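One structure is given here, and the rest of the page talks about it.
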Amino acid sequence: MTLQLSDPDLLRSQAYVDGAWVDADSGATFPVVDPATGDAIAQVPRMGAAETRRAIEGAERAREAWAALLAKDRARLLRDLADAMLANADDLAAIMTAEQGKPVGEAKAEVAYAASFFEWFGEEAKRVYGETIPAPMPERRIVVLRQPIGVTVGITPWNFPSAMPTRKAAPALAVGCPMVLKPAEQTPLSALAVAVLAERVGIPAGVFSIVTGDAEDAPLIGGEMTSNPLVRKLSFTGSTEVGKLLMEQCSRTVKKVSLELGGNAPFLVFDDADLDDAIAAINVAKYRNAGQTCISANRVLVQAGIHDAFVERVVELSKTVTVAPGFDPAATIGPLIDEPALAKVARHVDDARARGGEVLLGGGVHEQHGRTFFLPTVITGADMSWQMSNEETFGPVTAVHRFEREEDAIRIANDTPFGLAAYLFSRDHARIWRAGEALDYGMIAINTGFISAAEAPFGGVKESGIGREGSHHGIEDFLELKYMAWAGIR
Ligand code: NAP
């Protein structure tokens, strides 16, 4: 398949290392595949430790001059980069749909979201203030600086091919830290397209590098990133399993880590909820990206009094969801990313059936499109013994649990090692406070399905991660405090 782009130069088949577009040392490549068709869109370099080391060394060379720029000058460059992304949004969205499968309208919204990080963090970095602290001795002064941490690395997943890289790179670059980024095997092209624009707007060589590789190369690239002493911080988004491994690897050189890991989001609907709000939210929290997001509603807990009405409305909603290739203007959900993803969703649905779940809609692959196009699926009778109650399904499957009392819902919701996002629907403000405070999650969506914004602190507790991305908290992760004790001020 040939992608039709207004600017074909945005589609790259080389990686961007230390300001140069390069092949792997070995010359080896791997195909990036369109999940809707199985066709290869591009061949991309299979890199390893040596190329990663060079990218890190380039970042180290670029570090001082980049950190020494005025914050407003870095902000201007990042603003130019955000504008360039928006100006090329149609092409960036087409590249994303081709490699990831999401509908092109959704891809375009992600490009705008991804660009917003460069704009917002550029502005925010102008306000990285220090502190003066009243000293315990008269001739003393205590001054605290907040300085860029140094060279940083990022590793990102395939589900948000543009927004995950920019959510990491934007705060790093804004405060003066270079970043070397490894995008996911399935979706390197969106990250490379951002690098094309970064180069065009004048981000200096070495400040933002992209190293590509397939699943076999990932441990080599990750191994170098987490062992190289020049690297001071890792920011990772992906599975909890890989996050734990990388954290362990980083411990050997005591690197700072931010981890945005898996979720198992509960979606609580109380009897007094506004049903329209809850249904609008499930549409986002379940069907956006075909349910392949870390904050997708994974356990839908509905109170007995509203259960049947809710289920009826979810079935009605799900019938309006159009499964089709992402370039079809009618598509509301595209294919799942790959065969292993399909196998997991199918396994969860089979397990639900075997445990007595009633499949009211869907439950299998779309007849016409086949491949990994999974049907919107609604299942009732869920409980915590089901596989899908304990693992992220990452598919368009809504499994409804019925509960009686508020305390039951909170107990079930918290019965997981994860703690990323939770949703709650109620019109009772006291209940919203009670439940909101009792839920062990980093983010609580109240009467909405939308959580993500550059302005807000995105992140989880428990095994869902460490640190926050977005907001001024997202900047702190890329800064170190330096305390200066001044004496002799008489
Ligand atoms: P994954 O397997 O952990 O992969 C994520 C990234 O880690 C990819 O770039 C992957 O490279 C890389 N990787 C894998 N093994 C590695 C290793 N040994 N060393 C270094 N890098 C390694 O996760 P995924 O299945 O692609 O992504 C889905 C997961 O991400 C879900 O659990 C989801 O909840 C989570 N997620 C979390 C957030 C959040 O903000 N909390 C956001 C989005 C997604 P390859 O692709 O080359 O294998």
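For the sequence shown, my numbering gives the first residue as 154, with consecutive numbering after it.
Ideal Cβ placement from N, Cα and C applies to all residues, glycine included.
All of these numbers come straight from a predicted model, not from anything done at the bench.
Query	Result
Close-in-space but distant-in-sequence residues of the same chain around residue 270 (CB under 6 Å, 5 per side omitted)	319, 320, 323, 607
Beta carbon of residue 423 nearer than 8 Å to that of residue 438	no
Neighbourhood of residue 402 by C-beta distance below 8 Å, restricted to the same chain and skipping five residues each side	375, 376, 379, 380
Sequence-distant residues of its chain with Cβ nearer than 7 Å to residue 284 (five each side left out)	297
C-beta contact flag for residue 443 and residue 602 at 8 Å	no
Which of helix, strand or coil DSSP assigns to residue 446	coil
Candidates 440, 536, 545: closest to residue 527 by CA position	440
Among 273, 345, 311, 349, the one whose alpha carbon lies nearest that of residue 325	273
Nearest candidate by alpha-carbon position, reference residue 554, set 560, 547, 542, 406	542
Residue 620 beta carbon near the ligand NAP (any heavy atom closer than 7 Å)	no
Distance between residue 160 and residue 567 (C-alpha atoms, nearest Å)	48 Å
Cβ-heavy atom distance, residue 390 to the ligand NAP, below 7 Å	yes
Inter-residue Cα distance where the pair is residue 261 and residue 624	22 Å
Span of the beta strand (DSSP E) around residue 493	That residue, residue 493, is in no beta strand (DSSP E); its alpha helix (DSSP H) goes 492-507.
Contact under 8 Å by Cβ, residue 448 with residue 346	no
Minimum length 4: unbroken alpha helix (DSSP H) runs contained in the stretch 536-591	540-543, 559-567, 582-591
Proximity below 8 Å, CB of residue 211 to CB of residue 178	no
Reference residue 446; option with closest CA among 630, 574, 599	574
Between the CA atoms of residue 301 and residue 637 - distance to the nearest angstrom	16 Å
Three-way DSSP call (helix, strand, coil) for residue 362 in this model	strand
Beta-carbon contacts of residue 366 that lie in its chain and below 6 Å, excluding the five residues immediately before and after	199, 200, 374
Residue 573 CB to nearest heavy atom of the ligand GTP below 7 Å	As presented, the structure is devoid of the ligand GTP, carrying the ligand NAP as its sole ligands.
Cβ distance (whole Å) where residue 333 is taken to contact residue 306 below 8 Å	5 Å
Close-in-space but distant-in-sequence residues of the same chain around residue 489 (CB under 8 Å, 5 per side omitted)	188, 254, 443, 445, 495, 498, 525, 526, 527, 547, 548
Three-state secondary structure assigned by DSSP to residue 311	coil
DSSP three-state assignment for residue 414, whether helix, strand or coil	coil
Three-state secondary structure (DSSP) of residue 436	helix
beta-carbon residue 539 near the ligand NAP non-hydrogen atom, thresh 7 Å	no
Spatially closest choice to residue 348 from 643, 294, 231, by CA coordinates	231
Test item: CB-CB of residue 252 and residue 343 under 8 Å	yes
Residue of 394, 642, 235 minimising C-alpha distance to residue 616	394
Among 337, 634, 435, nearest to residue 368 - alpha-carbon criterion	337
Between the CA atoms of residue 387 and residue 471 - distance to the nearest angstrom	39 Å
heavy atom of the ligand NAP below 7 Å from residue 599 C-beta	no
Where the beta strand (DSSP E) containing residue 158 begins and where it ends	Segment: none, residue 158 is in no beta strand (DSSP E) and carries neither H nor E.
Local conformation of residue 317 per DSSP, three classes	helix
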